[in-house]
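Working notes, structure below.
In the numbering used here, the protein residues as written are -14 to 124.
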């Protein structure tokens, strides 16, 4: 996959490689509206954010190299100097693609709640329980 490709082109290649035809499943997994995703894939969403690209990478269960390539196509990279990026890189490297588990790792490593990758899930930490939108459950 050429690194000079635009983000929508690279994203479509990743979808093809992963065999994903039904975008709604991916959107449900990462908490993104299908309309937003459709605009991104058509190149109509000109101001895609780094967290959005990372959410898509995790939803697609991309490896570290694929994640870095997709991020690069959108003008971003994972930094070794930012704890959030270090944690996300480690989660991807360890094939941890569960959004709640990733946000828990971020919190456990000092990333503020306002900077979580999947804020839609509203993960609140208690000593051994994750509260997901007000309902108890453990992961």
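Cβ coordinates follow ideal geometry from the N, Cα and C atoms, glycine included.
- Taking C-beta separations shorter than 6 angstroms and ignoring five residues to either side along the sequence, the partners of residue 28 in its chain run -7, following chain order.
- If you look at residue 42, you'll find it in the alpha helix (DSSP H) that goes 35 to 44.
- In the DSSP annotation of this structure, residue 80 is not part of any alpha helix (DSSP H), being labelled neither H nor E.
- Between residue -4 and the set 81, 82 and 58, the nearest pair of CA atoms involves 58.
- If you compare the alpha carbons of 24, 18, -1 and 101 with that of residue 69, the shortest gap goes to 101.
- By the neighbour-count criterion, in which a residue is buried when 16 or more other Cβ atoms sit within 10 angstroms of its Cβ, residue -9 is exposed.
- Here residue 59 carries a coil assignment [DSSP, helix/strand/coil].
- If you compare the alpha carbons of 30, 55, 7 and 60 with that of residue 41, the shortest gap goes to 55.
- Excluding sequence positions up to five before and after residue 63, its CB lies within less than 6 angstroms of the CB of 70 and 74, all in the same chain and listed in chain order.
- In the DSSP assignment, residue -6 falls within the alpha helix (DSSP H) that extends over -8 to 3.
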